[in-house]
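Since the structure comes first, as structure tokens, the remarks are kept for the end.
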Amino acid sequence: MFAISPTDIDWFKFLRNEGLNTEINFWTPTPWNVSKLESGDRLYFMLKSPIRKIGGYGQFLEYKNTTVNQAWNEFGLKNGCASKKEFTDRLDKYKSDRSTDEKSVSESEIGCIVLTNAVFFDEEDFLDLENYDIDFSRYIVKIKYFNSEDPLQQQEAIQALPSAFELLPTNSEKLKKARLVTERKGQGNFRAKLTSAYDNRCCITEEDTPELLEAAHIQPYIDQNSNHVKNGLLLRVDFHKIYDSGLMFIDDNYKIHISPQVDSDYYRQFDGKSIHLPKLESQYPSKEALLYKEFEFRNE
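Pasting the structure below:
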């Protein structure tokens, strides 16, 4: 089974831009009591007008009713809002537009459709349902379930067949321009691939707090071809900075090397240890890409 639900564009863009895709809250201003979806089923994001296209999806984890305070305490930014006030204001607006209940949101329960392994497409990759013979009326305001085969997932499986990663030709000017890109194309999908491959854990510390994890490129980002799972590592934010700064190197045996420039005993404890690898060998970091970083390692 899969399902499709109209999706707030601001919610979608916030989570995509923040790189949050694990245990996110697809909230509803009143309880929907979703009961048909099972763990792992996909909920597709039908972005509201004027877009009216599928912008991505998440895998269903659970449904529950909570108060606004409980939802904010549990999910925080993973509610798709930058602050508790913004979260409350948006819920109030949706509820006042669609419900006859005169209670404020803070006095009543909301619905929480909890999703994991969410994927957020770039605009040019949005999917038009007319191309997949899927009927989804613009008058649907909640959710529609489908018991048929999922043609969207089938198409994705064809496109995601394993492939090798080859280093991309580059020069200093290309790298400089790439670093100036504020919203790299495919970054959300790249993160989704890595969080899935590394089981939502930092490959060094096994930290699993989503807000502290980042998708790191091994060979620096050049273009969308850089967003290959074999050119990535899932790192806690501090290790991402250390890696990009040349203060850490991971060799082609997947061993960690910490620069002598780092004095902290905490970071030095990881020197000589191995990273935690994905379960699938086809998703292991490219050895060629790892060795590419050796030139930048500050080893003296």
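Here this note's numbering is used: the first residue of the sequence shown is 267, the next is one more, and so on. C-beta: ideal position from N, C-alpha, C; glycine also.
Exercise. Could you tell me whether the stretch 317-327 touches the stretch 389-397, using the rule of 3 or more Cβ pairs below 8 Å?
Key: yes
Exercise. With DSSP collapsed to three states, give me the class of N331.
Key: strand
Exercise. Put H494 into one of helix, strand or coil per three-state DSSP.
Key: coil
Quiz prompt | Meets three-Cβ-pair contact criterion under 8 Å: the stretch 480-498 and the stretch 549-562 | solution = yes
Quiz item: So does the stretch 402-414 actually touch the stretch 267-275, counting three or more Cβ pairs closer than 8 Å?
Solution: yes
Practice problem: Figure out for me which residue from S492, Q549 and C469 has the closest Cα to the Cα of R536. | Solution: At residue 536 the sequence reads Phe, which differs from the Arg that was named. Cα-wise, what sits closest to F536 is C469.
Quiz prompt | CB contact flag (G324, L381, <7 Å) | solution = yes
Quiz item: So which of G512, P551, T475 and P316 has the shortest CA-CA distance to E562?
Solution: G512
Quiz item: So what's A430 in DSSP terms, helix, strand or just coil?
Solution: coil
Practice problem: Give a yes or no on whether the minimum CB-CB distance between P417 and chain B is below 7 Å. | Solution: In summary, chain B is missing from the structure at hand, where a single protein chain is found.
Quiz prompt | Same chain, Cβ closer than 8 Å to V371, neighbours up to 5 away in sequence not counted | solution = P295, V334, T354, L357, D358 and K361
Exercise. Would you mind giving the Cβ-Cβ distance between K496 and P551, rounded to the nearest angstrom? I have them listed as a contact below 8 Å.
Key: 6 Å
Exercise. Following the continuous alpha helix (DSSP H) through G454, name the residue where it begins and the one where it ends.
Key: Q453 to A463
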